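**Q** Counting in our numbering, the sequence shown runs from 2 upward without gaps.
Cβ coordinates follow ideal geometry from the N, Cα and C atoms, glycine included.
All values derive from a computational prediction rather than experimental measurement.
Here it is, the structure, as structure tokens.
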Amino acid sequence: MGTALLGWAILIQVNRPGAFPIDPFFFLIGVTYALSLVYLTTLRFVDRFPWLADAQLAVDALLVSGFIGLTGGIVSYFSSLYVLPIIAASMIRFRRGALQLAAVTAVLYCGMIAAQYLGVTPSWLGGSVLELPSRQFAQYTIGINLFGFAAVGLLSGSLAERLRSADVRLEHASHEIEDLRAFNEYVIDGLLSGLVTADGDLRILTFNRAAAGITGIPAEQAVGQDAREVLQLPPNARTQLAVLPQTRSIRVEFEYRSGDGRLLDVGLMATTLALPNGRNGYLFTFQDVTELRRLERNARLQQRLAAVGEMAAGIAHEIRNPLAAISGSMQVLRQELPLNEEQGQLMDIVLKESERLNDTIRSFLAYARPLKFQITQVDVAKIVQDAAVLLRNSAEARPGHTIEVQVPPTPLWLDADENQVRQIIWNIASNGLRAMPDGGRLRLVAESTSGPDEVVLGVSDEGRGIPAEELDTIFQPFRGSFDKGTGLGLAIVHRIVSDYGGNIEVSSDVGVGTTVRVRLPLRPAAIVGQGSRRPLGLRESS
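Pasting the structure below:
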């Protein structure tokens, strides 16, 4: 504004030389620029000393009074310049500051006009005006200007107050939106299910933390990719996506190969989603149901075992009595009848097969009938060492077999039936030796865990391994894959561990070997029920 006034003064002086004293005007312009530099240097102190802003506004009002005085006072065309500091005061000090400065400018303006009419105005500050308007005209001019100052102060102050209130509400709303957005992100990232949104072209828009954990793909890498490829949707699911707007939702289950190579069972549901841009997108939610499917398979195994046990136990019991009679009769006939060599061999075969069949029935009844616990505190480490000695001298051991034992140097106590613990180790270890007909290393381990109060029995072999599709059936009766044995050894282990409330973990690689880990609680809850059955947790991998 000072620069504009300076340019106007130069034009007036060129066109009408001597129209007004130019030197004081230039001096006032210089003061304006000098004060602007002072304001600039003190700007950083205003927050600490708020009175600096009030002082600047007051000085600005004085400068405007100087400009008006130089240009004629009551007859000056620049009386409206007073509204500039008033508006500035409303922006900085809001309504109260604007009204206060309007009052200051009114006092300065009235004082300047009164000095003119009293004849005390210096010649360099408008005193050269020869004729002044009438007092009535002056009063009218003063009234109009004072009303304008008050109106501008009130209006600009009100607008500033509204703007400040709007800013506060906007800031509050912004904080609420940010909080809501952060809360939504926390909720979405806190979901245990994977959540993925995609646009109409199936390009991924969002990818939550659970989705990254299940797929093994970082969120920043997945965003922008094709959802069908990232989620490895099977062909039938991709076909159903094309008609999803009509069907509203689809649900599929399929196998998913994660980024770290794991093969997962995934259950996925897809539905349409209205996007902010008005277009339709897709919403995918999915879960890793591998553990759930394992539990379902385990439940089906339990049901099959229970059905087989209830049905076959009665049949086995009925077969055992006539079988004993047949075997006894054959022995009597073998001793009393004169038999040639061939007939004697046939009699021996009958007796041998009868005994083998009786052993099978005995093992099956041992598996099927409720277990009788004789709980004592046993040293599992000593039982494992004794089992290793027996295995080295058993008929299953070959010259190429090496049996290693890893147990703690101190006793490893467990509340259990000693014979049943021995049977668990013996049955699993015997299968390990049979799985290595050409020799290999068998490793027996007994240890305690740092977490739950339990004891872990481990048996590892370097045998032929178990295919993945057979892992679910190895604990079923009569599923033995060896020439010798009744096929009930692992089923009996399953039954014992189940009644103790433990679980079995099996990992196997074909051609590499198998590892079986049995976890038994230090104080089995099953001993209270004396043989009450509990679900057995099986964990398989290949």
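Since Ala201 and Ile215 should fall inside the 8 Å C-beta cutoff, what is the C-beta to C-beta distance between them, to a whole number of angstroms?
**A** Walking along the sequence shown from the start, residue 201 turns up at place 200. Walking along the sequence shown from the start, residue 215 turns up at place 214. Looking at the sequence itself, residue 201 is Gly, so the reference to Ala does not match. The Cβ separation is near 25 Å, so there is no contact.
**Q** Return the first residue and the last residue of the beta strand (DSSP E) that Asp380 is part of.
**A** As a first step, residue 380 must be located in the sequence shown, where it is residue number 379. From DSSP, the beta strand (DSSP E) with Asp380 extends over 377-380.
**Q** Please determine whether the Cβ atom of Gly262 lies at a distance below 7 Å from any heavy atom of the ligand NAP.
**A** The ligand NAP is absent from the structure shown, which contains no ligand whatsoever.
**Q** Quick check on this structure: which residue in Ile316, Glu297, Gly158, Thr403 has the alpha carbon closest to the alpha carbon of Leu102?
**A** Looking up residue 102 in the sequence shown gives position 101. Ranking Ile316, Glu297, Gly158, Thr403 by Cα distance to Leu102 puts Gly158 first.
**Q** Determine contact between the segment 458-465 and the segment 421-434, defined as no fewer than three beta-carbon pairs at a distance below 8 Å.
**A** Yes, the segment 458-465 touches the segment 421-434.
**Q** Please report how far the alpha carbon of Pro1 lies from the alpha carbon of Tyr187, in whole angstroms.
**A** The structure shown does not extend to residue 1, since the chain is modelled only from 2 to 543, so the question has no answer here.
**Q** Any idea what DSSP makes of Met437, helix, strand or coil?
**A** In the sequence shown, the residue the question calls residue 437 occupies position 436. Coil, per DSSP.
**Q** So, Glu419 versus Thr361, is the Cβ gap smaller than 8 Å?
**A** In the sequence shown, residue 419 corresponds to position 418, counting from 1. In the sequence shown, residue 361 corresponds to position 360, counting from 1. It is not a contact, given that the beta carbons lie outside the stated cut-off.
**Q** Between the beta-carbon of Val253 and the beta-carbon of Val290, is there less than 8 Å?
**A** Locating residue 253 in the sequence shown gives position 252, where the first residue counts as 1. Locating residue 290 in the sequence shown gives position 289, where the first residue counts as 1. It is not a contact, given that the beta carbons lie outside the stated cut-off.
**Q** Within its chain, find whatever has a CB closer than 8 Å to the CB of Leu391; leave out the 5 residues flanking it on each side and keep chain order.
**A** As a first step, residue 391 must be located in the sequence shown, where it is residue number 390. Trp427.
**Q** Note down, in chain order, each residue of its chain lying with its Cβ closer than 6 Å to the Cβ of Gly401, except the 5 sequence neighbours on either side.
**A** Reading the sequence shown from its first residue, position 400 is the one you call residue 401. Once the five neighbours on either side are set aside, the close Cβ partners of Gly401 are Gly440.
**Q** Could you spell out where the alpha helix (DSSP H) holding Leu491 opens and where it closes?
**A** Along the sequence shown, one-based indexing puts residue 491 at 490. Start and end: 490-500.
**Q** May I ask which residues mark the beginning and end of the beta strand (DSSP E) holding Pro400?
**A** Indexing the sequence shown from 1 puts residue 400 at position 399. No beta strand (DSSP E) contains Pro400, which DSSP labels as neither H nor E.
**Q** Any idea if Pro86 is buried or exposed, counting beta-carbon neighbours within 10 angstroms, 16 or more meaning buried?
**A** For the purposes of this step, residue 86 is identified with residue 85 of the sequence shown, where counting begins at 1. Its Cβ being crowded by 16 or more others within 10 Å, Pro86 is buried.
**Q** Going by C-alpha to C-alpha distance, which of Leu269, Val456, Thr272, Leu264 sits closest to Ala1?
**A** Nothing about residue 1 can be read from this structure; the chain reaches only from 2 to 543.
**Q** Report, in whole angstroms, the separation of the C-beta atoms of Leu413 and Val351, which I expect to be a contact under 8 Å.
**A** Counted from its first residue, the sequence shown places residue 413 at position 412. Counted from its first residue, the sequence shown places residue 351 at position 350. Actually they do not touch by this definition, with Cβ atoms about 47 Å apart.
**Q** Does the distance from the CB of Ala388 to the CB of Ala325 come in under 8 Å?
**A** Numbered from 1 along the sequence shown, position 387 holds the residue referred to as residue 388. Numbered from 1 along the sequence shown, position 324 holds the residue referred to as residue 325. No, the Cβ-Cβ distance between Ala388 and Ala325 is not below 8 Å.
**Q** Give me the Cα-Cα distance between Pro235 and Gly225, rounded to the nearest whole angstrom.
**A** Here residue 235 refers to the residue found at position 234 when the sequence shown is read from its first residue. Here residue 225 refers to the residue found at position 224 when the sequence shown is read from its first residue. One C-alpha to the other measures close to 20 Å.
**Q** Quick one: grab the DSSP three-state call for Ala1.
**A** A question about residue 1 goes unanswered here, because the residues of the chain that appear run from 2 up to 543.
**Q** I need the boundaries of the alpha helix (DSSP H) containing Ser508, first residue and last residue.
**A** Position 507 of the sequence shown, counting from 1, holds the residue named residue 508. Segment 504-510 is the beta strand (DSSP E) holding Ser508; no alpha helix (DSSP H) there.
**Q** Hey, quick one: how far does the beta strand (DSSP E) through Glu455 stretch, first residue to last?
**A** Walking along the sequence shown from the start, residue 455 turns up at place 454. Taken as a continuous stretch (DSSP letters only), the beta strand (DSSP E) holding Glu455 covers 455-461.
**Q** From the DSSP output, read off the bridge partner residues of Ala396.
**A** Here the question's residue 396 lines up with position 395 in the sequence shown. According to DSSP, which records beta bridges pairwise, Ala396 is partnered with nothing at all.
**Q** Please report the straight-line C-alpha distance between Gln241 and Gly279, rounded to a whole angstrom.
**A** As a working mapping, residue 241 is identified with position 240 in the sequence shown. As a working mapping, residue 279 is identified with position 278 in the sequence shown. So the alpha carbons of these two residues sit roughly 23 Å apart.
**Q** Spatial neighbours of Ala62 within its chain, please: C-beta separation below 8 Å, excluding the five flanking residues on both sides.
**A** Mapped onto the sequence shown, residue 62 falls at position 61. Excluding positions up to five away in sequence, the list reads Tyr83, Pro86, Leu102, Val105, Thr106, Leu109.
**Q** Any idea what DSSP makes of Asn428, helix, strand or coil?
**A** Locating residue 428 in the sequence shown gives position 427, where the first residue counts as 1. DSSP places Asn428 in helix when its eight states are reduced to three.
**Q** Between Gly282 and Arg258, what straight-line distance do the alpha-carbon atoms span, to the nearest angstrom?
**A** Numbered from its first residue, the sequence shown carries residue 282 at position 281. Numbered from its first residue, the sequence shown carries residue 258 at position 257. The straight-line gap from Cα to Cα measures roughly 25 Å.
**Q** Hey, could you find the ends of the alpha helix (DSSP H) Glu162 is sitting in?
**A** To locate residue 162, count along the sequence shown from 1; it is residue 161. Element bounds for Glu162: 136-191.
**Q** Alpha carbon to alpha carbon, how far is Ala436 from Thr465? Give it in angstroms, no decimals.
**A** Residue mapping note: residue 465 aligns to position 464 of the sequence shown, counting from 1. Residue mapping note: residue 436 aligns to position 435 of the sequence shown, counting from 1. Here the sequence assigns Arg to residue 465, which means Thr is not the residue at that position. Distance between the alpha carbons of Arg465 and Ala436 is about 6 Å.
**Q** In terms of residue numbering, what span does the alpha helix (DSSP H) encompassing Phe79 cover?
**A** Here residue 79 refers to the residue found at position 78 of the sequence shown. No alpha helix (DSSP H) contains Phe79, which DSSP labels as neither H nor E.
**Q** Provide the residue(s) that pair with Ser250 in DSSP beta bridges, ordered along the chain.
**A** As a first step, residue 250 is located in the sequence shown; it is residue number 249 there, counting from the start. Per DSSP, Thr272.
**Q** From what residue to what residue does the beta strand (DSSP E) around Arg49 run?
**A** To locate residue 49, count along the sequence shown from 1; it is residue 48. Here Arg49 belongs to no beta strand (DSSP E), and DSSP marks it neither H nor E.
**Q** Whole-angstrom Cβ separation of Leu521 and Ala417, contact assumed at under 8 Å?
**A** For this step, residue 521 is matched to residue 520 along the sequence shown. For this step, residue 417 is matched to residue 416 along the sequence shown. 7 Å between Cβ atoms; contact.
**Q** Are three or more beta carbon pairs between the segment 67-77 and the segment 109-119 nearer than 8 Å?
**A** Touching, yes.
**Q** Apart from the five residues just before and just after Thr248, which ones in its own chain have a Cβ nearer than 6 Å to its Cβ?
**A** What you label residue 248 is simply residue 247 of the sequence shown in a count that begins at 1. Result list for Thr248: empty, nothing under 6 Å.
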